[in-house]
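To start, the structure itself, in structure tokens.
Protein chains: 2
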Amino acid sequence: MNAAKDTTEDKILEAATQVFVQKGMEGARMQEIADAAGINKALLHYYFRSKDKLFDAIFSKIVSFAFPKIGQILQAELPFVDKVEQAIDTYLDLLLKHPYLPGFILKEVNRDPSVFFKLVMKHGFKLEPIFQVMQEAMDRGELIRMKPEHLVVNVVGLCVFPFAAKPVISFVAFNEDPEATQAFFEERREEVKQFVIRAIQPIN
Amino acid sequence: MNAAKDTTEDKILEAATQVFVQKGMEGARMQEIADAAGINKALLHYYFRSKDKLFDAIFSKIVSFAFPKIGQILQAELPFVDKVEQAIDTYLDLLLKHPYLPGFILKEVNRDPSVFFKLVMKHGFKLEPIFQVMQEAMDRGELIRMKPEHLVVNVVGLCVFPFAAKPVISFVAFNEDPEATQAFFEERREEVKQFVIRAIQPIN
DNA sequence: GTCTATAGTTCGATAGAC
DNA sequence: GTCTATCGAACTATAGAC
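Residue numbers (our numbering), protein chains in the order written: chain A, 17 to 220; chain B, 17 to 220.
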């Protein structure tokens with residue numbers, strides 16, 4: 017996620033990202049970030065005035081990274097089912113590479129929604145184009161009739177939830193075996209696609 | 017959730033539950049809990065030796081409340097589809113009454129999984145009986161063939177995820193209109209049931 | 001059991017030398 | 001720009017009177 021140049025500012029951003037994502041805003045310590053960056057606390061405050069400002073910089077970077085424009089996939093000239101498969105693939109790729117993102121983002125959004133809201137407005141994320149693609153697919157009979165909001169929440173939930181609940185799943189279902197857990201998460205790529213497709217395909 | 021007797025200990029437990037669930041272990045302040053209980057900080061330490069111990073008491077209560085034995089529903093003599101509907105109904109009832117639980121539990125489980133693990137072992141939650149019911153339904157042809165782990169994760173995710181992501185959904189999809197958001201969450205009872213049933217019913 | 005007062009720590013932030 | 005040293009606020013925990 018980080019193009020790691022060697023300037024001090026970049027080292028700080030990289031270290032802060034790692035610590036904030038793992039511990040959250042409240043759990044992270046400026047000292048730990050300084051250690052991870054190989055510098056001292058005073059220098060953190062020299063580059064970013066406060067812990068809040070440093071966190072905002074990292075959170076902004078992560079949100080714009082994790083909310084990419086799936087819209088583009090959905091605009092392509094493909095059967096709707098194929099678009100859904102591509103969207104799920106794209107998201108699960110990203111999540112398998114960055115499994116901590118769901119837990120981190122959900123935690124911070126519940127702690128202080130306003131920070132997230134400002135970012136959404138700044139970047140102009142909109143659901144309407146996605147809803148419209150779904151509506152057209154329904155009109156063409158490629159998709160069962162349902163509220164687009166529910167379909168989006170269902171698909172995102174099926175992709176994202178297991179990562180947010182990873183410790184629970186690993187312990188309860190796989191006795192904390194890391195390999196079995198990892199295999200399960202990789203299986204979900206096919207599992208989620210097939211589950212969603214069965215749920216949304218009209219019966220001929 | 018609390019049988020509110022009037023003893024000081026009960027007032028503490030009630031106040032601590034409210035503050036911990038809303039702010040989390042790291043965000044909660046002993047002073048705030050004391051204020052909410054109408055007492056002072058010293059008395060918190062008199063009843064519970066430390067913030068950690070107080071938190072453990074609350075977390076234990078909440079986990080055993082939120083992980084009820086759905087096993088019983090699944091053991092009943094009903095078609096598998098009906099069992100699934102009942103299980104979803106039961107869980108969404110609980111979540112609609114206690115919408116903060118998913119965010120709280122996910123946050124704390126990611127912060128310190130070991131506390132949760134001890135509780136699971138103490139209460140002896142097991143998935144095997146649920147898996148077995150699913151396996152039998154597959155053998156009878158009432159359920160499409162799939163790994164039981166995925167079905168459980170899918171159903172739980174569809175129920176739980178929207179609550180953990182409520183601020184995001186409310187803002188992005190409903191412009192923070194509380195009534196529209198509430199209506200959406202109530203619709204999910206039927207939505208989730210139909211979505212799951214379509215996804216798991218064998219094609220005749 | 002309940003209170004006031006305060007000790008003891010942790011941590012974000014800043015002063016000031018180099 | 002980078003460091004050491006330290007301040008000051010916030011917070012958990014305890015001492016001791018009633």
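By construction, the Cβ of each residue, glycine as well, lies at the ideal position given by its N, Cα and C atoms.
- What span of residues does the alpha helix (DSSP H) with A/Pro126 cover, start to end? Numbered from 1 along the first sequence, position 110 holds the residue referred to as residue 126 of chain A. The sequence shown places Asn at residue 126 of chain A, rather than the Pro named in the question. 117-127 is the extent of the alpha helix (DSSP H) around A/Asn126.
- Message: Is there a C-beta anywhere in chain B that falls below 8 Å from the one on A/Glu42?
- Response: Looking up residue 42 of chain A in the first sequence gives position 26. By this cut-off, A/Glu42 is an interface position.
- Using a beta-carbon distance cut-off of less than 9 Å, what residues from the segment 173-200 of chain B approach chain A? Of all residues in the segment 173-200 of chain B, those with a C-beta nearer than 9 Å to a C-beta of chain A are Gly173, Leu174, Cys175, Val176, Phe177, Pro178, Ala180, Ala181, Lys182, Pro183, Val184, Ile185, Ser186, Phe187, Val188, Ala189, Phe190, Glu192, Phe200, reading in chain order.
- Item | A/Glu48 at chain B interface by Cβ criterion, 8 Å | Here residue 48 of chain A refers to the residue found at position 32 of the first sequence. No, because no Cβ of chain B sits closer than 8 Å to the Cβ of A/Glu48.
- Message: Considering only the alpha carbon of each residue, which of A/Lys69, A/Asp105, A/Glu93 lies closest to A/Phe201?
- Response: Residue 201 of chain A sits at position 185 when you count from the first residue of the first sequence. Comparing alpha-carbon positions, the option among A/Lys69, A/Asp105, A/Glu93 lying closest to A/Phe201 turns out to be A/Asp105.
- Please name the residue in B/Val97, B/Asp98, B/Gln91, B/Val35 whose C-alpha comes closest to that of B/Leu70. For the purposes of this step, residue 70 of chain B is identified with residue 54 of the second sequence, where counting begins at 1. Comparing Cα positions, the closest option is B/Val35.
- Would A/Arg214 count as contacting chain B if we go by Cβ distances under 8 Å? Numbered from 1 along the first sequence, position 198 holds the residue referred to as residue 214 of chain A. Yes - at least one Cβ of chain B is within 8 Å of the one on A/Arg214.
- Query: Does the beta carbon of B/His139 come closer than 8 Å to any beta carbon on chain A?
  - Reply: Here residue 139 of chain B refers to the residue found at position 123 when the second sequence is read from its first residue. It does not: the Cβ of B/His139 has no partner Cβ on chain A nearer than 8 Å.
- Reducing DSSP to helix, strand and coil, say where A/Thr23 ends up. Numbered from its first residue, the first sequence carries residue 23 of chain A at position 7. Secondary structure at A/Thr23: coil, using DSSP grouped into helix, strand and coil.
- Neighbour flag for A/Glu25 against chain B, beta carbons, 8 Å: Indexing the first sequence from 1 puts residue 25 of chain A at position 9. Taking Cβ atoms only, chain B never reaches closer than 8 Å to A/Glu25, which makes this a no.
- List, in order along the chain, the chain B residues whose C-beta lies closer than 9 Å to that of A/His166? One-based indexing of the first sequence puts residue 166 of chain A at position 150. Here the neighbours are Phe200, Glu203, Arg204, Glu207, Val208, Phe211.
- Item | Ordered list of beta strand (DSSP E) runs contained in the segment 30-73 of chain A, each at least 3 residues | none
- Task: May I have the straight-line CA-CA distance separating A/Thr23 from B/Phe177, to the nearest angstrom?
- Result: Numbered from its first residue, the first sequence carries residue 23 of chain A at position 7. Numbered from its first residue, the second sequence carries residue 177 of chain B at position 161. Using only the alpha carbons, I get a separation of about 39 Å.
- Query: Three or more beta-carbon pairs under 8 Å between the segment 123-140 of chain B and the segment 44-54 of chain B, yes or no?
  - Reply: no
- Query: Helix or strand or just coil, what does DSSP make of A/Leu167?
  - Reply: Position 151 of the first sequence, counted from the first residue, corresponds to residue 167 of chain A. In this structure, A/Leu167 counts as helix in the three-state DSSP scheme.
- Query: For the alpha helix (DSSP H) that contains A/Ile86, what are its first and last residues?
  - Reply: The residue given as residue 86 of chain A occupies position 70 in the first sequence. A/Ile86 -> no alpha helix (DSSP H), and no H or E assigned at all.
- Message: Quick check on B/Pro84 - is its C-beta less than 8 Å from some C-beta in chain A?
- Response: The sequence position of residue 84 of chain B within the second sequence is 68, counting from 1. No, B/Pro84 lies away from the interface with chain A (no Cβ there is under 8 Å from its Cβ).
- Check each candidate in A/Cys175, A/Phe75, A/Ala153, A/Lys27 and name the one with the smallest Cα separation from A/Leu112. For the purposes of this step, residue 112 of chain A is taken as residue 96 along the first sequence, with counting starting at 1. Here the closest residue by C-alpha is A/Cys175.
- Which of the residues in the segment 127-155 of chain A, read from start to end, lie with their CB under 8 Å from any CB of chain B? Arg127, Pro129, Phe132, Phe133, Val136, Phe141, Leu143
- Query: What's the call for A/Pro118, buried or exposed, on a 16-neighbour Cβ count within 10 Å?
  - Reply: Along the first sequence, read from residue 1 onward, the residue named residue 118 of chain A stands at position 102. Label assigned to A/Pro118: buried.
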